[in-house]
Amino acid sequence: MQQAIFIILALLTLGAALMTVITRNLLRAALWLVATFFGIAAIFILLRAEFLAVAQILVYVGAISTLIIFAIMLSRGIMDPDQVRFNGQWGVVGGFAALLFVVLAVIVTRVPWPAAAGGAPVGDAPADAIARLGAAFVGPYAIPFEVASVLLVVAMIGAIIIARERE
Amino acid sequence: MVPLSWYLILAAALFCIGVFGALARRNAVGILMGIELMLNAVNINLVAFWRHIGPDQMTGQLFAIFVITVAAAEAAVGLALIIAIYRQRNTVNVEEIDMMKG
Amino acid sequence: MRASDLIHLLPELILLGGAALVLLLDIVWLRRAEERRRQLLPYVALGVLLVAALGLIPGGGDNVSVATMLVFDPFALFFKVFALLAVALIVLLATPYMQTRTPFSGEFYALLLATALAICLAVSASNLVMIYLSMEFLSITSYVLAGYFRQDRKSGEAALKYFLYGATASAVMLYGMSLLYGATGTTDLAGLVAGLSSGAAGQSAWLVTPAIILLLAGFGFKASLVPFHQWAPDTYEGAPTPVTAFLSTASKATGFAILMRVFLVGMGAASMASQWISLLVALSVVTMTLGNLTALRQTNIKRLLAYSSIAQAGYILIGVVAVVSDSTRIFTGINGVLIYLLAYLFTNVGAFAVVTAIEDATGKLEIKDYSGLVRRSPWLAGLLFIFLISLTGVPPTGGFLGKFFVFGAAVQTRMWVLLAIAAVNSVVAAFYYLNIVRYMFFVPAAEEGEPIRVGRPLQGALAITAVVTVLLGLIPGPVILWASESARSLLLALR
Chain R
53 MQQAIFIILA
63 LLTLGAALMT
73 VITRNLLRAA
83 LWLVATFFGI
93 AAIFILLRAE
103 FLAVAQILVY
113 VGAISTLIIF
123 AIMLSRGIMD
133 PDQVRFNGQW
143 GVVGGFAALL
153 FVVLAVIVTR
163 VPWPAAAGGA
173 PVGDAPADAI
183 ARLGAAFVGP
193 YAIPFEVASV
203 LLVVAMIGAI
213 IIARERE
Chain F
162 MVPLSWYLIL
172 AAALFCIGVF
182 GALARRNAVG
192 ILMGIELMLN
202 AVNINLVAFW
212 RHIGPDQMTG
222 QLFAIFVITV
232 AAAEAAVGLA
242 LIIAIYRQRN
252 TVNVEEIDMM
262 KG
Chain L
31 MRASDLIHLL
41 PELILLGGAA
51 LVLLLDIVWL
61 RRAEERRRQL
71 LPYVALGVLL
81 VAALGLIPGG
91 GDNVSVATML
101 VFDPFALFFK
111 VFALLAVALI
121 VLLATPYMQT
131 RTPFSGEFYA
141 LLLATALAIC
151 LAVSASNLVM
161 IYLSMEFLSI
171 TSYVLAGYFR
181 QDRKSGEAAL
191 KYFLYGATAS
201 AVMLYGMSLL
211 YGATGTTDLA
221 GLVAGLSSGA
231 AGQSAWLVTP
241 AIILLLAGFG
251 FKASLVPFHQ
261 WAPDTYEGAP
271 TPVTAFLSTA
281 SKATGFAILM
291 RVFLVGMGAA
301 SMASQWISLL
311 VALSVVTMTL
321 GNLTALRQTN
331 IKRLLAYSSI
341 AQAGYILIGV
351 VAVVSDSTRI
361 FTGINGVLIY
371 LLAYLFTNVG
381 AFAVVTAIED
391 ATGKLEIKDY
401 SGLVRRSPWL
411 AGLLFIFLIS
421 LTGVPPTGGF
431 LGKFFVFGAA
441 VQTRMWVLLA
451 IAAVNSVVAA
461 FYYLNIVRYM
471 FFVPAAEEGE
481 PIRVGRPLQG
491 ALAITAVVTV
501 LLGLIPGPVI
511 LWASESARSL
521 LLALR
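Chains as they are written, first to last, in the numbering used here: chain R, 53 to 219; chain F, 162 to 263; chain L, 31 to 525.
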């Protein structure tokens, strides 16, 4: 049952991702990107990482996609339906990406990951996963947590300096 | 149960679609979308590993949360740059943004 | 993490507070103030850097690890001192230059302090999560700095290219990090080496080499190694000149510091070391050769120094591949890298200081604009001469000392082919460095110009860089000792 759900979700996600990179109209591509993000959030739920699924939707759909759509609308010319999608090397790049997929797929199936035989999870996801995440953020991950917040402030200041209307 | 390798193959496929987008798109926003797909592929890897090799340690999920945070910061700065460039030249096609050669 | 660990984080906290202070001073106190008072801001930034350097004293190099995220060892201490010095020099370089060109010069100094903070974190990071975060911190701040001239088309282009390449490279690196986490269940570098040398996944040939290649995309991007260098020429040419000086020295050094820590500590076991060493040998050869050959046909001085900087990264990499675990030797490879990076910092920032002075006065950046410089501004010509012979590697300069230690390590490990290629490359490089000297001293200027006026802060930067560049060659003892001590803590990890 889970396997069937996974296959459907995976196909939907990959299809949406593919549409994101080949759609001519960038605004439509951005909407396909949103669909991809939702698909990935569903995969996270399947993996019992509910917090991440919510974070995924809040940040990727709520913030990043919105930013991207804003950027597209602020620069209307880039929605031009007649524009060329790809650069001159897209054929070569497509071949390279396909080859890369074969290589990566071989790598991830050949490496004996320290998971249980058959690749099933070693145990259940802890029931108090969110509590553990919280404890980690104020415990061993306190420094990265602080650094991430400083990073966000610096990025905000930088984005304002660069994108502000000229005075 | 879904085996680990399925998730990893899904992530690899998503990553390669992202690579294609990042390398083949002409438009800077399109390239950025490709990069976001690559980052999402990494997150699938991280969460799948977390679930399958050590769900007691939250490492994989924590790493993924930091990736999401950084992606947001990166997108903000990147899109600011793209908008600034658009104001200068009315285009964000990277092939046309090519004053410097050699 | 305990409260007592905070003592080790003192420099980082000072830098953070200092960046906030500069930002607030700029907004609250100086925004409407007369121009004279606003010029105090760079000196506030310098003061912050000085206090941060003092903050290194109580807990800098005690080999303490905090929450497996940061390690405070002599190696990290070396690069923190390096970063503070580098950013201080960049502040001096930027002081007349940025203030006349952007209304946001206050934020510029705050962002420079933020890059110093990012480097301090990155060189201490001992966990993949922390390494990724601090590298991105540095990158994102650098994108902003590169695109700081919003009205300038070249600056915007420089930043956009830097951003697109950087974001792609970091995503590739991240994929490699996720595989390493999957193989070992940990992101801590010490746990990584244990997991990789004991677990079945770590033994698999399918894991280690691909992971090294994926990681190299990220590290190689920062260090501008071929083939991850494509951004460098355009970004170096288009970015504000003080930012270019920063990217080619401090940012590059951070790339090398992370590369060395991850490979030596995280993949230090012999079976893995042989894999990254052979990959890095190949990268070193293509990096120096391509950098030098392309530098030969450049006509823009910033672009020439960009390709020269790529080529120099190739030489520096020789030190990494010639690493020996016996820290009692004179040449350990890693100490060569540290000496080289330090000498390159002063030499290259000095060269860019001359470029900044000339650009500030004349707005010109072509090599032919340097003709007759010796008559126009003999001091600038003389100083640039010192920096160029140091870049070439002629004694008695810091550049020679760096090359001596890096090549010496390669001799010791009998890497004759690599050495031969490096030697040929050094000769090629001498051509284009000395070509600038030829223009300055022997080609008469098309038109007589006035002497170039150099502001006080820039004079300070020129004096410091020139004196240190020469002193490193004349009295190398203390630096050799310091670099060898700093390298030791990493060499212990190599087995």
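Glycine included, every Cβ here is placed at the ideal spot set by N, Cα and C.
query, result
"Across which residues does DSSP place Asn-157/L in a beta bridge pair?", "Asp-218/L"
"Excluding the five sequence neighbours on either side, which residues of its own chain have a C-beta within less than 6 Å of the C-beta of Val-315/L, listed in chain order?", "Ile-451"
"Which same chain residues end up closer than 6 Å to Gly-296/L when comparing Cβ atoms and leaving out the 5 residues on each side of it in sequence?", "Leu-219, Leu-222 and Val-223"
"Please tell me whether, using a cut-off of 8 Å, the distance from the CB of Asp-259/F to the nearest non-hydrogen atom of the ligand ADP is below it.", "Looking at this structure, you won't find the ligand ADP or any other ligand, since it has none at all."
"For Leu-375/L, does the three-state DSSP call read helix, strand or coil?", "helix"
"Since Ser-95/L is in the beta strand (DSSP E), which residue starts that stretch and which ends it?", "94 to 96"
"Can you give the Cα-Cα distance for Thr-216/L and Thr-252/F, rounded to whole angstroms?", "44 Å"
"Between which two residues does the alpha helix (DSSP H) harbouring Leu-86/L extend?", "71 to 89"
"Report the option in Val-238/L, Ser-278/L and Leu-119/L whose CA atom is closest to the CA atom of Ala-343/L.", "Ser-278/L"
"Across which residues does DSSP place Val-529/L in a beta bridge pair?", "As shown, chain L starts at 31 and ends at 525. That puts residue 529/L outside it, with no answer to give."
"Could you tell me the alpha carbon to alpha carbon distance between Ile-192/F and Ile-205/F, rounded to whole angstroms?", "20 Å"
"Per DSSP, which one or two residues make a beta bridge with Glu-396/L?", "Asn-330/L"
"How would you call Met-165/L, buried or exposed, if buried means at least 16 neighbouring beta carbons within 10 angstroms?", "buried"
"Classify Met-318/L as buried or exposed, calling it buried when 16 or more other Cβ atoms lie within 10 Å of its own Cβ.", "buried"
"Hey, would you say Ile-350/L sits closer than 9 Å to Ile-364/L, going by beta carbons?", "According to the sequence provided, residue 350/L is Val. The question's Ile does not apply to it. Yes. Within cutoff."
"Are Asn-378/L and Ser-339/L close, meaning C-beta to C-beta below 9 Å?", "yes"
"Does Val-255/F get closer than 9 Å to chain R when you measure Cβ to Cβ?", "yes"
"Counting only runs that start and end within the stretch 180 to 226 of chain L, where is the alpha helix (DSSP H) found for 4 or more residues in a row?", "183 to 214"
"Just list the residues that DSSP pairs Phe-138/R with in beta bridges.", "Arg-186/F"
"Can you give me the C-alpha to C-alpha distance between Ile-416/L and Thr-427/L, rounded to a whole angstrom?", "8 Å"
"Just confirm the distance between the C-beta atoms of Ala-352/L and Gln-442/L, as a whole number of angstroms; I'd bet it's less than 8 Å.", "7 Å"
"According to a CB-to-CB cut-off of less than 8 Å, which residues of the stretch 191 to 207 of chain R neighbour chain L?", "Gly-191, Pro-192, Tyr-193, Ala-194, Ile-195, Pro-196, Val-199, Ala-200, Val-202, Leu-203, Val-206 and Ala-207"
"Out of Arg-186/F, Ala-232/F and Ile-229/F, which one is the CA nearest neighbour of Gly-140/R?", "Arg-186/F"
"For a contact defined as C-beta to C-beta under 7 Å, what are the partners of Leu-99/R on chain F?", "Val-208, Ala-209 and Arg-212"
"Compile a chain-ordered list of the residues in the stretch 77 to 96 of chain R whose CB is closer than 8 Å to at least one CB of chain F.", "Leu-78, Ala-81, Ala-82, Leu-85, Thr-88, Phe-89, Ile-92, Ile-95 and Phe-96"
"Less than 9 Å separating the beta-carbons of Gly-321/L and His-259/L?", "yes"
"Among all the DSSP beta bridges, which residues are the ones paired with Asn-254/F?", "Asn-188/F"
"Drop a sphere of 10 angstroms on the beta-carbon of Ser-401/L, count the other beta-carbons inside from all chains shown, and report buried for 16 or more, exposed for fewer.", "buried"
"Looking at chain R, which residues of the stretch 194 to 205 of chain F have a Cβ within less than 8 Å of any of its Cβ atoms?", "Met-194, Gly-195, Glu-197, Leu-198, Asn-201, Asn-204 and Ile-205"
"If I measure Cβ to Cβ from Ala-50/L and keep anything under 8 Å in the same chain, skipping five residues before and after, which residues do I get?", "Ala-140"
"What number of angstroms, rounded off, separates the C-alpha of Arg-333/L from the C-alpha of Leu-55/L?", "36 Å"
"Given this structure, state the Cα-to-Cα distance separating Leu-375/L from Ala-496/L, to the nearest angstrom.", "11 Å"
"If I follow the unbroken alpha helix (DSSP H) through Trp-261/L, where does it start and stop?", "261 to 268"
"Does DSSP put Ile-482/L in a helix, in a strand, or in coil?", "coil"
"Just checking: is the beta-carbon of Asp-217/F within a distance shorter than 9 Å of some beta-carbon in chain R?", "yes"
"Hey, is Pro-178/R's beta-carbon within less than 9 Å of any beta-carbon in chain F?", "yes"
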